[in-house]
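> After the structure tokens below, expect a handful of questions from me.
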Amino acid sequence: MTRKTSQDHVSRRKFLIASGAVGAVGLAGCTENTGGDNGGGDNSGGDDSGSGNGGEDLSGDVIIKGSSTVYPVSQAMAEEFQKQHSNVNVTVDSTGSGGGFKNHFCPGNADINGASRPIKDSEVEQCSSNDVEPVEFQIAGDALTVAVNKNADWVDCMSFDQLKQIWEPNGAQKWSDVNPEWPDKEFELYGPASSSGTFDWFTENVIGESGAMREDYEPTEDDNTIIQGIQGSETAMGFFGYAYYEENKDAVKALKIKKDDSGTCTAPSLDNAKSGDYPMARPLFIYGAKSSIQEKPQVEAFLEFYLNKAETDLVKKVGYVPSSAEQRDKNLQKLEQAASGN
Amino acid sequence: MATESGTRDQSWFGDTGQISRLPGRVFAATCLGATLFAILTVFGLLVYVANDAFRPATADPRWHLVFFLTLVLPSLALFGYYVARGDGESWVAATALGIPFFGLLLGSGVLLLFIDVLSVVAWLAFVLAVLAAAVVIKSHRRIRPAPGFLEHLLVIVGSLGAVAPAVYFGVVNLPVVPTPWLIYLLTFGAAGAALAGLVVARRRSSDRAGLTAAALVFAAAAGGGLAVSAVGIEPEIWVVLFTFAGVPTALYVESVLRERERPVGLLFPLVVVVGILLGAFLVDTLGFAGPDSWLDYGFLTSADSRFPEEAGIYPALIGSILMMVVVAAASFPIGVGAALYLEEYAPNDGALGAIVKLVQINIGNLAGVPSIVYGLLGLALFVHWGGLRPGIVIVGGLTIGLLILPIIIIAAQEAIRAVPDSMREASYGMGATQWQTIRRVVLPEALPGILTGSILGFGRAIGETAPLLMIGAAATVYTPPNGFFDLFSAMPRQIYAWVGKPAHEFQYGVMAAGVVTLLVVLLSMNAAAILIRNKYQRRT
Chain D
72 MTRKTSQDHV SRRKFLIASG AVGAVGLAGC TENTGGDNGG GDNSGGDDSG SGNGGEDLSG
132 DVIIKGSSTV YPVSQAMAEE FQKQHSNVNV TVDSTGSGGG FKNHFCPGNA DINGASRPIK
192 DSEVEQCSSN DVEPVEFQIA GDALTVAVNK NADWVDCMSF DQLKQIWEPN GAQKWSDVNP
252 EWPDKEFELY GPASSSGTFD WFTENVIGES GAMREDYEPT EDDNTIIQGI QGSETAMGFF
312 GYAYYEENKD AVKALKIKKD DSGTCTAPSL DNAKSGDYPM ARPLFIYGAK SSIQEKPQVE
372 AFLEFYLNKA ETDLVKKVGY VPSSAEQRDK NLQKLEQAAS GN
Chain R
138 MATESGTRDQ SWFGDTGQIS RLPGRVFAAT CLGATLFAIL TVFGLLVYVA NDAFRPATAD
198 PRWHLVFFLT LVLPSLALFG YYVARGDGES WVAATALGIP FFGLLLGSGV LLLFIDVLSV
258 VAWLAFVLAV LAAAVVIKSH RRIRPAPGFL EHLLVIVGSL GAVAPAVYFG VVNLPVVPTP
318 WLIYLLTFGA AGAALAGLVV ARRRSSDRAG LTAAALVFAA AAGGGLAVSA VGIEPEIWVV
378 LFTFAGVPTA LYVESVLRER ERPVGLLFPL VVVVGILLGA FLVDTLGFAG PDSWLDYGFL
438 TSADSRFPEE AGIYPALIGS ILMMVVVAAA SFPIGVGAAL YLEEYAPNDG ALGAIVKLVQ
498 INIGNLAGVP SIVYGLLGLA LFVHWGGLRP GIVIVGGLTI GLLILPIIII AAQEAIRAVP
558 DSMREASYGM GATQWQTIRR VVLPEALPGI LTGSILGFGR AIGETAPLLM IGAAATVYTP
618 PNGFFDLFSA MPRQIYAWVG KPAHEFQYGV MAAGVVTLLV VLLSMNAAAI LIRNKYQRRT
């Protein structure tokens, strides 16, 4: 700006005001332009899981979909991971195991899918037709819990056979149909919807045929609905993951389970599930997309964190059985193989 | 009339020769019952949720007593006095309290958006780019006062398409830029000062008064910023909050005082603020514990957590705000454009008229289509066809924009239809063309109605959950979206996720806090709609 003496004193005054304003702005301070991005001041810091990416500043998305049973575990992992890598955006969603594979993971829109049952062949096919290769990690164990109303004092223990009679297609209508000593009242049944991995596990292992379930029960994706339903009626019955039972121990009564008539009745608990005494203990999985593991360092780092932490008390606090040290080492080896492209 | 005895036509009045008033009374009582039932159920629900969110029972009873004495009693007494006077002071009081309150709310929203989401430098570049384009258009007007339509259009397109982007990228890539708070001062502070100056200049019909007002406002924004930074508060916060809350309040107070229009009403906000401060000071010094609310500062500023005490709504709140930006930008211009065409241009008769009628009916039908269907539509349209990632802000915003588009079209049509034909005819009679009539007569007259209807539509949009489930907005997101193409979660989606959690604290406490937050945002939007409507209705 050149200083030009003008005849018009009004414009000189204007110039003075303008230059004064510019000067004030200059005095008050300017700052170096970092190019419009927001700094990146947070770094990944000390990573106690011994991650290979410890020094790098990770960023980007990690998208987790899938089972509502695994959802609380993934959520806890994401929360802890986020504390160390605040630039990584981990999103966790609960879509049901099958829903996650079909709509999100196999079409290539998710990095990780939680599942409360192993992936099905049809799902592997769908994935591979989209060039998605799932890598399986067993991360925890669950004690699938069958519950009845608090006032149902006639029943404490059930065998697989009795459960099958109740839940199989065209199953028993009244309690007395299964056991004459039980009351002559109709069942009110609540259970997971068919998109759920819990549904698949139950039909496969208890009823004995995948997908075979009676149709006149109340299916829902929301386990709290099952608990509320059981609470509301004396003749109700339902099943769900152990974490939901632990939060609602006062509200519903869990049944002991025996595999066959000669077996012993075992109550659902994390210890019984870990020891293998509880017959309805089942493994929980997460599936990583191989391409995501290879191409997105944040996904690999997150999985490494997840698999390490799956062996700790964190999982127990959520309400599931942590994986064993052996299982963890196996998982980490699998991850390393996937990352290196084998 | 009711007891008039009939002599000429017995059958009409019945045998008694009297008309019974009973059916009318029963009908009135039924209507009253329905009204009371509706109000009480909704009110009961709100009280229930608010109780879960704030848990007033956990506070020390003496805490309640202190605030009752310092805040509730004086303000109720004063308001009662206003109402008893019945001279309109209560309206002044409510406005004087409402303007700073909603100003603070809006300012906080802007701050949240700017601190975490948008880059300050990009914002400065955007403002300068728009200014540069405006200057080019204006100066072209001045140099060539009567350009042809094409030339005019060319200048507009050129300045928006070439000058603005050039300025934008020039500024973004400057090596040295002003510090953030100066940018806020030069954009928000200067704009607030300019607006205040214009308003005062028009009110007092004096350019000098306007200039003084603008200078005062700008000086207050700058001086206040320096002052608060001296005590350790970031000056950005001052500049933005002062612009959004302080300036409108000052303007309102100025107008009330100057016109001597029931200035007693201005006492009310003072009593409320002093009551809050005094109460807070007293409970702090006396050591009375406040309620252990779920909804507190930490809830609004932190991300979700598996521990209910630490869970917050912040990323979802930002997600909702960003999504609403997309919704408004997508649905408002399209909706108003469609409404203008249908009301002003579309043929009324013949085969084309029949098609228009069919379109009209189906817009009404679309407004009633369940929202989950729009979710499916959005998934198919934007994700499967459009190739956008599922679960990002722009997909959510466009999908919900589609959902409220029919509502906006219908509201805008109603508003345009309400403009009397005599005004259009008068405009034609003066020799105006149809375009001039629409631009200068119909649109300004219909705008308050259009805005009111649209804001009510946006209020519906912010609470929609089902479409978000369909387009894959995640249940849990730990970082707020940084832009329109980032993964996001919105408030209703987050609330839905909390309800599904095993722990009771989530299902009742945290969820209630989320609902109250959502309701406050929603009610603020509706209040803004009511304010706009009242302002323009009183003018006419």
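Those sequence lines, one after another, are chains D and R.
Okay, so the first sequence: first residue is 72 according to the numbering used here, each after it adds one.
Okay, so the second sequence: first residue is 138 according to the numbering used here, each after it adds one.
Glycine is no exception: its CB is placed at the ideal position from the N, C-alpha and C atoms.
Run through DSSP, which three-state label would Asp294/D get?
helix
> Hey, does Ile134/D have any beta-carbon neighbour from chain R nearer than 8 Å?
yes
> Taking Cβ-Cβ distances below 9 Å as the criterion, which residues of the region 162-175 of chain D are in contact with chain R?
Thr162, Val163, Asp164, Ser165, Thr166, Asn174 and His175
> Using three-state DSSP, classify Pro354/D as helix, strand or coil.
strand
> Ends of the alpha helix (DSSP H) at Asp271/D?
From DSSP, the alpha helix (DSSP H) with Asp271/D extends over Gly268 to Phe273.
> CB-CB under 7 Å to Ser193/D, same chain, minus the five flanking residues each way: which ones, in chain order?
For Ser193/D, where only same-chain residues beyond five positions count, there are no Cβ hits under 7 Å.
> So what's Asp400/D in DSSP terms, helix, strand or just coil?
Correct three-state label for Asp400/D: helix.
> Between the region 300-334 of chain D and chain R, which residues of the former have a C-beta closer than 8 Å to a C-beta of the latter?
Ala314, Tyr315, Glu317, Glu318 and Asn319
> Are any of the Cβ atoms in chain R nearer than 8 Å to that of Glu289/D?
no
> Looking at C-beta atoms only, is the number of pairs between the region 288-305 of chain D and the region 204-216 of chain D that lie closer than 8 Å three or more?
Segments in contact, no.
> Can you check whether the C-beta of Pro393/D is within less than 8 Å of a C-beta belonging to chain R?
no
> Would you call the region 533-547 of chain R and the region 458-469 of chain R in contact, with 3 or more CB pairs under 8 Å?
yes
> Is the separation between the beta-carbon of Phe152/D and that of Leu215/D shorter than 8 Å?
No, these two residues do not count as a Cβ contact at 8 Å.
> Among Val652/R, Asn663/R and Ala665/R, which residue has its Cα nearest to the Cα of Leu183/R?
Val652/R
> In three-state terms, what does DSSP make of Val396/R?
A quick correction: the sequence has Glu, not Val, at residue 396/R. Helix at Glu396/R.
> Per DSSP, Gly262/D forms a beta bridge with which residues?
Pro290/D
> Going by DSSP in three states, Tyr673/R sits in which element: helix, strand or coil?
Look at Tyr673/R here: in three-state DSSP terms it is helix.
> Using a 10 Å radius around the Cβ and a threshold of 16 neighbouring Cβ atoms, would you call Gln404/D buried or exposed?
exposed
> Apart from the five residues on each side of it in sequence, which residues of its chain come closer than 6 Å, Cβ to Cβ, to Phe231/D?
If we look at Phe231/D and ignore the five residues flanking it on each side, its Cβ neighbours are Val277 and Lys330.
> State the Cα-Cα distance for the pair Phe405/R and Ala259/R, rounded to the nearest angstrom.
41 Å
> Can you give me the start and stop residues for the alpha helix (DSSP H) that Met628/R sits inside?
Met628 to Val636
> Distance cutoff 8 Å, beta carbons only. Does Glu150/D sit that close to anything in chain R?
yes
> The beta strand (DSSP E) with Asp213/D in it runs from where to where?
Looking at the DSSP string, the run of the beta strand (DSSP E) that includes Asp213/D is Pro205 to Ala214.
> Hey, does Arg74/D have any beta-carbon neighbour from chain R nearer than 8 Å?
Only weak support is given to the placement of Arg74/D: the predicted model assigns it a pLDDT of 45, under 50, and the value that follows is read from those uncertain coordinates. No - not a single Cβ of chain R is within 8 Å of the one on Arg74/D.
> How far does the alpha helix (DSSP H) with Cys168/R in it extend, from its first residue to its last?
Leu159 to Phe191
> Between Ala364/R and chain D, is there a C-beta pair that is closer than 8 Å?
no
> By DSSP, does Ala549/R sit in helix, in strand, or in coil?
Judged by DSSP in its simplified three-state form, Ala549/R adopts helix.
> Mapping the DSSP letters down to three states, classify Pro317/R as helix, strand or coil.
helix
> Measure how close the beta-carbons of Gly137/D and Ala186/D come, nearest whole angstrom, since I'm counting them as under 8 Å.
6 Å
> What do you get for His521/R, buried or exposed, if any count of 16 or more other CB atoms within 10 angstroms of its CB means buried?
exposed
> Could you name the residues of the region 424-455 of chain R whose beta carbon sits closer than 7 Å to any beta carbon of chain D, in the order they occur along the chain?
Ser442 and Arg443
> Does the region 228-235 of chain R come within contact of the region 379-395 of chain R, defined as at least 3 CB pairs closer than 8 Å?
yes
> Can you tell me where the beta strand (DSSP E) with Lys324/D in it begins and where it stops?
Val323 to Ala325
> Tell me Ile328/D's beta-bridge partners as DSSP assigns them.
Met229/D and Thr337/D
> At a Cβ cut of 8 Å, what residues of the region 595-617 of chain R count as close to chain D, listed as they run along the chain?
If the cut-off is 8 Å between Cβ atoms, the region 595-617 of chain R has Gly609, Ala611, Ala612, Thr613, Val614, Tyr615 and Thr616 near chain D.
> In whole angstroms, give me the CA-to-CA distance for Ala552/R and Ala264/D.
Taking the straight line joining both Cα atoms gives about 47 Å.
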